[in-house]
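Just below is one structure, and these are the notes that go with it.
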Amino acid sequence: MRYRLVRREWHESRDRCEDQEEQGRREGPEEAQDRRGDGDDAGLEDGPVDGAGDALRAEEWVDKGRAALGRGDLEGALRCFQRAVQICPTPAAVNNLALMMLEQRNDPAGALRILQPHLSPASPSPHPFALATAARCYQRLGGGEAARRHLQAAVQAFERGPEAMPFPIPRETWREYTAAILQAAGALEDDRLVWELYRRWSSYHVLPASFFFGGIAAFNLQRFEAAVRAWRQIREAKWKVVQAFIEVAELCETGLVPPFRLRYGLPEIDSVIKELEQVEAQGDRAKAEAKGAELIRRMVKDPLHRVLLLSEVLGAVPADRQHASEVMVELVAHSGDWGQKLASAIFLSSRTTMSQKIDAARGLMKAGVIAPGDQIRVYVDGRVQEVSFRQLPVELGPNPELEAKHQEAIALRDAGKIQEAKAILETLVGMGECFWPPAAVTYAHLLQQEGKLKEARNYLEMARSVMPHEPVVLMSLACLSIEEWDLAGAADLLKQVRSSNPEVMKKVRLLEYFLRHPEQLLR
Numbered sequence: 005m006r007y008r009l010v011r012r013e014w015h016e017s018r019d020r021c022e023d024q025e026e027q028g029r030r031e032g033p034e035e036a037q038d039r040r041g042d043g044d045d046a047g048l049e050d051g052p053v054d055g056a057g058d059a060l061r062a063e064e065w066v067d068k069g070r071a072a073l074g075r076g077d078l079e080g081a082l083r084c085f086q087r088a089v090q091i092c093p094t095p096a097a098v099n100n101l102a103l104m105m106l107e108q109r110n111d112p113a114g115a116l117r118i119l120q121p122h123l124s125p126a127s128p129s130p131h132p133f134a135l136a137t138a139a140r141c142y143q144r145l146g147g148g149e150a151a152r153r154h155l156q157a158a159v160q161a162f163e164r165g166p167e168a169m170p171f172p173i174p175r176e177t178w179r180e181y182t183a184a185i186l187q188a189a190g191a192l193e194d195d196r197l198v199w200e201l202y203r204r205w206s207s208y209h210v211l212p213a214s215f216f217f218g219g220i221a222a223f224n225l226q227r228f229e230a231a232v233r234a235w236r237q238i239r240e241a242k243w244k245v246v247q248a249f250i251e252v253a254e255l256c257e258t259g260l261v262p263p264f265r266l267r268y269g270l271p272e273i274d275s276v277i278k279e280l281e282q283v284e285a286q287g288d289r290a291k292a293e294a295k296g297a298e299l300i301r302r303m304v305k306d307p308l309h310r311v312l313l314l315s316e317v318l319g320a321v322p323a324d325r326q327h328a329s330e331v332m333v334e335l336v337a338h339s340g341d342w343g344q345k346l347a348s349a350i351f352l353s354s355r356t357t358m359s360q361k362i363d364a365a366r367g368l369m370k371a372g373v374i375a376p377g378d379q380i381r382v383y384v385d386g387r388v389q390e391v392s393f394r395q396l397p398v399e400l401g402p403n404p405e406l407e408a409k410h411q412e413a414i415a416l417r418d419a420g421k422i423q424e425a426k427a428i429l430e431t432l433v434g435m436g437e438c439f440w441p442p443a444a445v446t447y448a449h450l451l452q453q454e455g456k457l458k459e460a461r462n463y464l465e466m467a468r469s470v471m472p473h474e475p476v477v478l479m480s481l482a483c484l485s486i487e488e489w490d491l492a493g494a495a496d497l498l499k500q501v502r503s504s505n506p507e508v509m510k511k512v513r514l515l516e517y518f519l520r521h522p523e524q525l526l527r
C-alpha cells in the first residue's frame, strides 16, 4: 500500500514553513549585496572586519543558511546561522538561529539563550519577531505567564511600527511579522486572540502563513465559512495543502465531519512519506503494508494530518478506493469519541456511499464499540432505517461453485425470470454466507433496470471496495452515474479504467463520446 498523499501532491513544498524563516532572515540594517558562491563557505573570508563590514558578512552567512534550507540541508543552515551570529548578531542572524534551535533541534531553552540578550530591558526596542519566538519557547517550557508577557510585548512592538526600531526595516518586511505573532498566540491556544489579531491586522498580512493561522483560529472557533475565506487567500503553488483544509472546513460546515481542534503548525508530510518509502525500498510488501497502517494510525492522532486523511476519504478529489477504505477504518477506530461521532454522521448522511458506511461500521467493530449484527440507524434507500452489518468472507478468486450459481441466475434473467434470478444472486451478495463481487455487479444491473438506482449504487460501491480497479465495476458505476445525470462523476470513473482488452476500451471510448455530446443521451 503506497501512501496516497504522494499522489495528491500535498508534499510539494519541502520547506516546512519557509515563510517564518523568511521573516527572520529579511530584517537587518541592510540587504546583503554581492551574493557569491554555491557552498556554505564559498566566497566568505574568516578574517575580522569592523562595523558595517561585520554586519554585511553576517548577512551573507544568513543568505548561505537560506540557500542550505532550500536544499533541505538543515544542519548546514544551522551552522551558517551560528557563524552569522558569531560575526555580528544582527536581528536576521539571531532570529533565524533561534528559530532553528526551536523548530529543528526542539531546544527552546537553547533558543532563549540566543534571544535573551536582545530581549533584556537594556535592549532598545525589542524585535517583534524575537519576542514572538521567545513566547513560543516559554510556552514549550511550561512558562505560561512569561509566554503571555512576551506575546503581549510582541503585539505592542509590532503596533508601534518599524519607525520605533533603532535600525531601518522595510515596511513590507515588517508586515510579514504578523505570521510569527499569530503562531505564538496559537501556541498559547488563545484562538480568540489569534482571530482578533488576524482581523485587526487584515491590511498587513502578506505571507501565506498569516492567512493559514487566521483560518486555523476560525476553524477552532467553529467559524468554518470564515476559515474557508481566510484559506482561500492563499494562492501560492507550494501551499497546495491548503485545499485539503478548505475541503474539511466545508465538510464541517455541512455537519458531515464533527468539529475538532487544529494546532498552529503545518503537517510534516515529507517525513512521513520518507519513512514509508524507506520501508518500501526494501521490497518487503508485508512489512510495507504494516508500516503504512502504522503511519495512518499515527497520523490520525495529529489533527493537522487528520485533515489530510479526511480530505482523502471524503473530499472532492476522487481517491484510491482501496486506500480510502483502509483510512476510513483507522480514522473511526483510533479517534475515540470523535471517531464515533464521525461514524454516526457518515451513517446518517445522504451524501455518503454504502461502502463508506460499511467502512465506518468496520472501524467501530475494530474499536469494539459495536459487534457484528448490532442494529445501527443508517440512511439507506432514501430514508433512515435500522440495519445491521455483518462480517462476511469476500470471495475474489475463481470459485466453480459460486460461478455455477451466478450462471444459473444469469440464465433465469435472460429467460425473463427476474425474481428467481434475484433470489439466487442475493445468496451471493451478502444475504447468504459470502460476498462475491461479480454477482454484486449483475444484481446491481437488475436493480438499475427496476429504477432502484440508490440500491444499485450500494452494491456497485461494495464491489468497488474490494475490487477498486476492476474495469467492469468502474464502467458499471460510470453508466449508473450517467443515468443519474452525474456526468462529471462518470468521467472521473472512466479515467480510472485500465484494461488490455480492446473491447473494454472501445466501450470506454463510446461512453466518453456520449459525455462529450450529452445531447445524444436525450434522444
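The sequence shown begins at 5 in this note's numbering and counts up one residue at a time.
Note that CB positions come from ideal geometry on N, CA and C, so glycine has one too.
Beta-bridge partners of residue 392 (DSSP): 379. Taking residue 206 as the centre and dropping the five residues before and after it, the same chain places no C-beta closer than 7 angstroms to its C-beta.
Considered as a whole, the region 439-464 harbours no complete run of any beta strand (DSSP E) with no fewer than 3 residues.
Within its own chain, the residues whose Cβ lies closer than 7 angstroms to the Cβ of residue 265, once the five positions on either side in sequence are excluded, are 224 and 307, listed in chain order. Setting aside the 5 residues that flank it on each side, residue 257 is surrounded in the same chain by 228 and 229, each with a C-beta closer than 7 angstroms to its C-beta; the list follows chain order. Here the alpha carbon of residue 403 sits roughly 41 angstroms from the alpha carbon of residue 311.
Bridge partners of residue 236 according to DSSP: none are assigned. Within the same chain, no residue comes within 6 angstroms of residue 418 by CB-CB distance, once the 5 residues on both sides are set aside.
The residue from 279, 182 and 70 with its alpha-carbon nearest to that of residue 209 is 182.
Burial check for residue 278: the Cβ neighbour count within 10 Å stays below 16, so the residue is exposed.
The residue among 171, 461, 474 and 245 with its C-alpha nearest the C-alpha of residue 504 is 474. For a cut-off of 8 angstroms, the C-beta gap from residue 191 to residue 197 is around 11 angstroms, too long to register as a contact. In terms of Cβ geometry, residue 91 and residue 134 do not form a close pair [threshold 7 angstroms].
For the pair of segments examined, the region 452-463 was found to touch the region 374-391: the number of CB pairs separated by less than 8 angstroms reaches three.
Non-local beta-carbon contacts of residue 495 in its own chain, meaning distances under 6 angstroms to residues more than five positions away in sequence, involve 519 in chain order.
By the Cβ rule, the region 136-149 counts as touching the region 116-126, because three or more pairs are nearer than 8 angstroms. Runs of the alpha helix (DSSP H) spanning 4 or more residues and lying entirely within the region 54-85 occur at 56-74, in chain order.
Rounded to whole angstroms, residue 297 and residue 290 show a C-alpha spacing of 11 angstroms. For residue 384, the three-state secondary structure derived from DSSP is strand. Taking the Cα positions, residue 429 is about 28 angstroms away from residue 367. If you draw a straight line from the Cα of residue 167 to the Cα of residue 123, it comes to about 18 angstroms. Setting aside the 5 residues that flank it on each side, residue 248 is surrounded in the same chain by 311, 312 and 315, each with a C-beta closer than 6 angstroms to its C-beta; the list follows chain order. The closest CA to that of residue 409, considering only 442, 89, 389 and 79, is found on 442. Secondary structure of residue 433 (DSSP, three-state): strand.
For residue 181, no alpha helix (DSSP H) run applies, since DSSP gives it neither H nor E. With fewer than 16 other Cβ atoms from the protein chains shown falling within 10 Å of its own Cβ, residue 492 counts as exposed. Put simply, the backbone Cα of residue 235 is about 6 angstroms away from that of residue 215. For a cut-off of 8 angstroms, the C-beta gap from residue 253 to residue 221 is around 12 angstroms, too long to register as a contact. In chain order, 304, 310, 313, 314, 317, 343, 346 and 367 place their CB closer than 8 angstroms to the CB of residue 335, counting only its own chain and leaving out the 5 sequence neighbours on each side.
The beta carbon of residue 413 sits closer than 6 angstroms to those of 425, 428 and 429, all from its chain and outside the five residues before and after it, given in chain order.
No residue range can be given for residue 266, since it is assigned to no alpha helix (DSSP H) and is classified by DSSP as neither H nor E. The residue among 439, 513, 438 and 463 with its C-alpha nearest the C-alpha of residue 450 is 463.
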